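Engineer: Going letter by letter, the sequence shown gives residues 2 to 64 in this note's numbering.
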Amino acid sequence: MTENNEGRIVMLTIKEAAALVDGLTEYRVRQMCINDQVPHIMAGKKYLINKDLFLRYLRGETA
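1) Give me, in chain order, the residues of the same chain whose beta-carbon lies closer than 8 Å to that of Lys29; leave out the 5 immediate sequence neighbours on both sides.
2) Please name the residue, chosen from Asp23, Tyr58 and Glu7, that lies closest to Cys34 on a Cα-to-Cα basis.
3) Counting along the chain, where does the alpha helix (DSSP H) carrying Lys52 start and finish?
4) Looking at the unbroken alpha helix (DSSP H) that takes in Ile35, where does it start and where does it end?
5) From Gly61 to Pro40, what distance separates their C-alpha atoms?
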């Protein structure tokens, strides 16, 4: 049985998002969330960032 991952939404923690890009710190990713520069949701006190939208933002594409 194969699992279909198409259309699956992947959410990242701040730590995971920062780890995607060399030189990007957790502090900077958190500031991007606080300043609403990247789309995110709050799960309690934790920021969750949509991976696809985050990568698009970093590439300069409009979300």
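Idealized CB from N, CA, C, for every residue including glycine. Every value quoted in this text rests on a predicted model; they were computed, and no experiment measured them.
Structural biologist: Working from what's here:
1) Checking the sequence, you will find Arg at residue 29 rather than Lys. Counting only Cβ-Cβ distances below 8 Å, and skipping sequence neighbours, we find Ala19.
2) Tyr58
3) Lys52 to Leu59
4) Glu27 to Ile35
5) 14 Å
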